[in-house]
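The structure appears right after this line, and notes come after that.
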Amino acid sequence: MTALSIRDLHKRYGPTRVLAGAGLEVADGTTTAILGPSGCGKTTLLRLVAGFDRPDTGTIALAGREVTAGRRGLAPDKRNIGYVAQEGALFPHLTVHANIAYGLSRRTTTAPARRARVAELLELVSLEQALARRYPHELSGGQQQRVALARALARRPALVLLDEPFSSLDTALRAVTRAAVAAALRAAGVTTLLVTHDQAEALALADQIAIMARGTFAQTGPAREVYAHPADLGTARLLGPGSTLPGTVIAGKAACALGALPLAQPRPDGDAHIFIRPDQVRLAATGTPATVAAAEFLGADTVLTLRLADSSTVDARVDGTVTQAIGTSVTVEITGAVHAYPRHHGLTSFSNHDLPGIH
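So the sequence shown is numbered by the numbering used here: it starts at 48 and just counts up by one.
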């Protein structure tokens, strides 16, 4: 069953076109991550689904019920949607209990029922019951975000919208909070739409990924499928770091400075951008000669920038215990298949300014 259906949404703010025919289908009980660079229209789309704003044209339906048709639509409180903003937006003068229970009607819900629901939700988001008496300023950032999620789930919404919910958290806290939120959403079985620019976050949380660029969707599909077969170079780079080498597709192989490499998917012959992820590049006893041009120690890993014979460079992710001095000669090999994109339209979904390292 389709929980959310978005059809041909267009939205302008003055002369600026933000959405240009965006369309998306979200299955019931699944999590879809909308991933894209800043300014591509992600948050605008979420606001339209929530009912905070109206599109110029297009429709939005929840469980088959049309809630938006162009400039006409149901008010936000009539849509049965839970919303979690970037900062959580908890009421600072209310306790955790009062924040979570805020959306529960006092006319239709008894005090014992509200207490029971709050206790249930605290357990769902992996927070101790004792925290119910605290105020938001007495919580960590990750705890605040989990309380915001509990509040969004309190009324048993048909759809939960998450707008960059972990962006304000530090790296370690983000990972812990993300895991807790993912577990809570799975346990609740609620349909979720997540907006993010963090590819690791999208891949970790989502059943489906929708790549957004320039106000529309460049590619949509299961997370593993989109990662394994990105439709264009912009999407490939958005899903994780990689090196782009000039090359040519000849008879089903990608010919470049690293040799003739197998392709992840068939491509027509011709000049191409060859995209290779750092974990595919291995130091080996035999292979293509290269020189270490730079080394970035990341703790568990080290990223080596290797200069090839034609002066192009490729990054290799190696074990953090590996030390290679700048200027050291090495040989490298490529594992697995690589991606190739026709050079004349290699960045169909993103401009050069959207993608660092592509000029």
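The C-beta atom is built at its ideal place from N, Cα and C for all residues, glycine as well. Just so it is clear, the structure is predicted and the values come from calculations on it, not from any experiment.
Residues that residue i bridges to, as DSSP identifies them
| i | result |
| --- | --- |
| residue 264 | 259 |
| residue 297 | 300 |
| residue 344 | 349 |
| residue 322 | 291 and 386 |
| residue 336 | 378 |
| residue 306 | 303 |
| residue 53 | 71 and 107 |
| residue 66 | 58 |
| residue 317 | 296 |
| residue 363 | 351 |
| residue 241 | 80 and 209 |
| residue 269 | 255 |
| residue 328 | 381 |
Alpha-carbon to alpha-carbon, residue j and residue i
| i | j | result |
| --- | --- | --- |
| residue 95 | residue 81 | 14 Å |
| residue 130 | residue 148 | 15 Å |
| residue 70 | residue 174 | 37 Å |
| residue 183 | residue 354 | 51 Å |
| residue 253 | residue 328 | 27 Å |
| residue 125 | residue 97 | 10 Å |
| residue 393 | residue 318 | Its pLDDT being 39, under 50, residue 393 is placed unreliably in this model, and the value from its coordinates should be taken loosely. Straight-line Cα distance between these residues: approximately 10 Å. |
| residue 56 | residue 90 | 13 Å |
| residue 299 | residue 233 | 42 Å |
| residue 59 | residue 119 | 16 Å |
| residue 136 | residue 63 | 28 Å |
| residue 241 | residue 190 | 19 Å |
| residue 445 | residue 295 | Shown here, the chain extends from 48 to 406; a query on residue 445 therefore has no answer. |
| residue 202 | residue 151 | 6 Å |
| residue 367 | residue 330 | 13 Å |
| residue 402 | residue 245 | For residue 402, the predicted structure reports a pLDDT of 42, less than 50, and the residue's modelled location is therefore unreliable. A value from the coordinates is still provided. Using only the alpha carbons, I get a separation of about 14 Å. |
| residue 364 | residue 93 | 36 Å |
| residue 349 | residue 309 | 26 Å |
| residue 399 | residue 257 | Model confidence at residue 399 stands at a pLDDT of 37, short of 50, so the residue's coordinates are unreliable; what they give is reported in the following sentence. Spanning the two alpha carbons is a distance of roughly 20 Å. |
| residue 390 | residue 163 | 60 Å |
Closest residue to residue i among the options (Cα-Cα distance)
| i | options | result |
| --- | --- | --- |
| residue 382 | 343, 63 and 335 | 335 |
| residue 378 | 228, 52, 79 and 306 | 306 |
| residue 249 | 273, 234 and 236 | 273 |
| residue 385 | 367, 368 and 303 | 303 |
| residue 277 | 49, 220, 388 and 190 | 388 |
| residue 123 | 297, 156, 369 and 207 | 207 |
| residue 187 | 347, 134, 235 and 73 | 134 |
| residue 128 | 237, 161 and 77 | 237 |
| residue 87 | 117, 93 and 259 | 259 |
| residue 167 | 141, 132, 156 and 200 | 200 |
| residue 231 | 316, 204 and 171 | 171 |
| residue 51 | 62, 68, 359 and 78 | 78 |
| residue 107 | 72, 85 and 140 | 72 |
| residue 66 | 83, 365 and 270 | 83 |
| residue 142 | 216, 113, 185 and 311 | 185 |
| residue 235 | 48, 247, 345 and 75 | 75 |
| residue 275 | 114, 312, 154 and 301 | 312 |
| residue 369 | 351, 356 and 361 | 351 |
| residue 117 | 209, 54, 162 and 165 | 54 |
* How do the region 254–270 and the region 280–292 stand: do at least 3 beta-carbon pairs fall below 8 Å, yes or no? -> Touching, per the Cβ criterion.
* Asked: For the region 248–265 against the region 103–119, are there 3 or more C-beta pairs whose distance is under 8 Å?
  -> Segments in contact, no.
* **Ordered list of alpha helix (DSSP H) runs contained in the region 76–153, each at least 4 residues** => As far as the region 76–153 is concerned, its whole alpha helix (DSSP H) runs of at least 4 residues are 89–97 and 143–148.
* Using 8 Å as the Cβ pair cut-off and three pairs as the minimum, do the region 172–184 and the region 193–207 touch? -> Short answer: they touch.
* Touch check for the region 335–348 and the region 357–377: three-plus C-beta pairs under 8 Å? -> Cβ pair count under 8 Å is three or more, so yes.
* Mind listing, in chain order, the continuous alpha helix (DSSP H) runs of no fewer than 4 residues lying wholly within the region 188–238? => The DSSP assignment places 188–200 and 218–235 as complete runs of the alpha helix (DSSP H) inside the region 188–238, in order along the chain (cut-off: 4 residues).
* **Cβ contact check for the region 313–326 and the region 288–296: 3 or more pairs under 8 Å** => These segments touch.
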